[in-house]
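Participant: The sequence shown begins at 1 in the UniProt record's numbering and counts up by one.
Once you've had a glance at the structure underneath, I'll fire off some questions.
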Amino acid sequence: MSSPPINDCPLPGHILLLLLPNREFGLHIPIQDALQLCTRPLKYLRYLAWVVLHLEGKITCNSVEVDEEKGTFEDQQTYRFEPGPLRSWDDARPINAEIADRRSSSATNSSRLHEFADNLRERDISCVFTGYTFAEAMHIVPFSKGNEWLERLVGGRFPGRSTNEGEDLGELDINHVSNGFLTFSGIHMCTDRRVAAVIVTPNRVLSCDDIPPSLPRLFERPTGIEYPTGIRYTFQWLHATGRSNDELRAVPNNSDAAFNSASEQRRPSPFLLECMYAATVVKFWGLHPDRLRMHPKFISAPPRKSRPSLGFKPTRSSDRSITIGKPNRFRQNSAGAMGVDMSILMTTAR
C-alpha cells in the first residue's frame, strides 16, 4: 500500500513524527499500534529519532517540549524532533533502510553457515521467542548483505568500533553468533517482510520497564532456558492491530527472548538490532525516505559487486538455509492441542 503525501498527514488514527526540518522526512504512525509498543508513547518517539538519525534531542508539539513521562498521543497531531543543545542536524547519521533488503547477492560458504547455526543452537536451543522446537538460524543483518554492509554500519555510527554502552563491535561478522537468533519460520518471515522487529532495552532512551511486560509463552520453558538479567530482547509487531488472533496467540506482541543460561556464546548484538529496528520503521512508516540520502553523513551502501561472467552460475544464498530440527508442517503437537496453528505466520503479509 502506497503512503499518503506527507503534506496530507497525519490521517485520522495516526500521528506524524517529523525527523528532518521543513517536513522533509517523517514517520506516519498508527496510534493504536504504537500504544502497544511502549508504555510511554512520547518517549518512544524520541527512541525512534535516536535509532533512525543516531542523534539526541527532544520531541516537541506546537513548539513545546512534550511530557514524556505522562503525556500520550493526540489524534492527527504532528510531533517534531529537535536536536539537543549541543547537537545539530549536521551531527545526524541517518540509517540506510536498504540494509533490511534481502535482494543483494553473496556467495554461500556452507561450512560457515553450519558453524553459525551450530553456535546458535548451543546458545538458544529452540526458538528464543516462543520455545518452538523446530527453529531456523536467522541472521539479524541479512546474510546476503555480507561483511561490507556491517563495515558501513559500524563505520558510519561507531568508527571507534565500540558503542557508548560498551558493546565491542570489533568481532562483528555476518556469520558471527551475535548476528543471529534461532526462530521458527513464521517469525523469520515476518521480520524479513519488515512487519516486525526486535527492540533491546535498556538503550540510550528507553528502560526495560518502558516496554509492556512479556505475556506467557505458548510452550513451557525447559530448565536452563532463562530470560537474561537486566536486558530484554523483545519481539514487536509494528502492526499488531492487523494481526489475527491465531498469530498473536502463537507469538504475542512484546514477546521476550530466552537463552541457554549455560552457554558462553555472545548474545545478539544490541547495535545490529537497533540498526534493523531503524530500517524497519523507515520502511514501514516512513514518508519520503529518499530524503535521508541527501544528508552528508547518510550511511551509504557499499559499491555493488560486478556481475559474474557468462557461464558462471552463482550459488544462491538464503537466510533460512539451516533448519534446527527435522522437517515439519509448522505445527507442534502441543500447539495443535491448544488450537494454535503455527503455519498461520507463514502467510503473514503487511
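Glycine is no exception: its CB is placed at the ideal position from the N, C-alpha and C atoms.
(1) Taking 8 Å as the cut-off, does the stretch 210-228 touch the stretch 250-261 (at least 3 CB pairs, one atom from each stretch)?
(2) Under 8 Å between the Cβ atoms of Arg93 and Gly156?
(3) Mind reading off the beta-carbon distance from Asp33 to Ala240? Whole number of angstroms is fine, and I expect it under 8 Å.
(4) Would you report the Cα separation of Glu171 and Phe158, rounded to the nearest angstrom?
(5) With respect to the beta strand (DSSP E) encompassing Ile231, which residues constitute its N-terminal and C-terminal limits?
(6) Taking all protein chains shown into account, do 16 or more other C-beta atoms lie within 10 angstroms of the C-beta of Arg304, making it buried, or fewer, making it exposed?
(7) When DSSP labels each residue in this structure, what does Pro303 get in the three-state scheme?
(8) DSSP three-state call for His14: helix, strand or coil?
(9) Between the stretch 185-201 and the stretch 289-299, can you find at least three pairs of beta-carbon atoms closer than 8 Å?
(10) DSSP beta-bridge partners for Pro270?
(11) Would you tell me roughly how many angstroms separate the C-alpha atoms of Gly230 and Pro270, rounded to the nearest one?
(12) Under a three-way DSSP split, which group does Lys43 fall into?
(13) Just to check my reading of the structure: Thr183 and Ala135 have Cβ atoms closer than 8 Å, yes? What is that Cβ distance to the nearest angstrom?
(14) So, Trp285 versus Ile29, is the Cβ gap smaller than 8 Å?
(15) By how many angstroms is the C-alpha of Val177 removed from the C-alpha of Pro268?
(16) Leaving aside the five residues before and after Gly57 along the sequence, list all residues of the same chain whose C-beta is less than 7 Å from its C-beta, in chain order.
(17) Is it buried or exposed, residue 354, if we count other Cβ atoms within 10 angstroms and call 16 or more buried?
(18) Closest to Ser207 by C-alpha separation, out of Tyr233, Ile187, Leu153 and Pro296, would be which residue?
(19) Between which two residues does the beta strand (DSSP E) harbouring Met294 extend?
(20) Check for me: the beta strand (DSSP E) holding Arg243 runs from which residue to which?
(21) From Ser3, Leu53 and Lys145, pick the residue whose C-alpha is nearest to that of Leu20; which is it?
(22) Starting from His139, follow its DSSP beta bridges and name the residues at the other end.
(23) Cα separation between Arg266 and Trp149?
(24) So, with DSSP's three-state summary, where would you put Pro83?
(25) Would you tell me roughly how many angstroms separate the C-alpha atoms of Ser106 and Arg194, rounded to the nearest one?
(26) Ends of the beta strand (DSSP E) at His28?
(27) Figure out for me which residue from Gly160, Asp168 and Gly186 has the closest Cα to the Cα of Ala137.
(28) Under the three-state reduction of DSSP, which class applies to residue 362: helix, strand or coil?
(29) Determine whether the beta carbon atoms of Ile140 and Leu272 lie at a separation below 8 Å.
Facilitator: Walking through what the data contain:
(1) yes
(2) Pairing Arg93 with Gly156 gives a Cβ-Cβ distance under 8 Å.
(3) 6 Å
(4) 14 Å
(5) From DSSP, Ile231 is part of no beta strand (DSSP E); its letter is neither H nor E.
(6) Result: exposed.
(7) coil
(8) strand
(9) no
(10) Answer is none; Pro270 lacks a bridge partner.
(11) 13 Å
(12) helix
(13) 6 Å
(14) yes
(15) 7 Å
(16) Ala49, Phe81, Glu82, Pro83, Gly84 and Arg87
(17) With the chain covering 1 to 350 only, the question about residue 354 has no answer from this structure.
(18) Tyr233
(19) Neither: Met294 is in no beta strand (DSSP E) and is coded neither H nor E.
(20) For Arg243, no beta strand (DSSP E) segment is defined, and its DSSP state is neither H nor E.
(21) Leu53
(22) Gly180
(23) Taking the straight line from one Cα to the other gives about 21 Å.
(24) strand
(25) Confidence is the limiting factor: at Ser106 the pLDDT is only 45, short of 50, which leaves the residue's position unreliable, though a coordinate-based value still follows. Straight through space, the alpha carbons of Arg194 and Ser106 are spaced by roughly 21 Å.
(26) Gly26 to Pro30
(27) Gly186
(28) As shown, the chain starts at 1 and ends at 350. That puts residue 362 outside it, with no answer to give.
(29) The Cβ atoms of Ile140 and Leu272 sit closer than 8 Å to each other.
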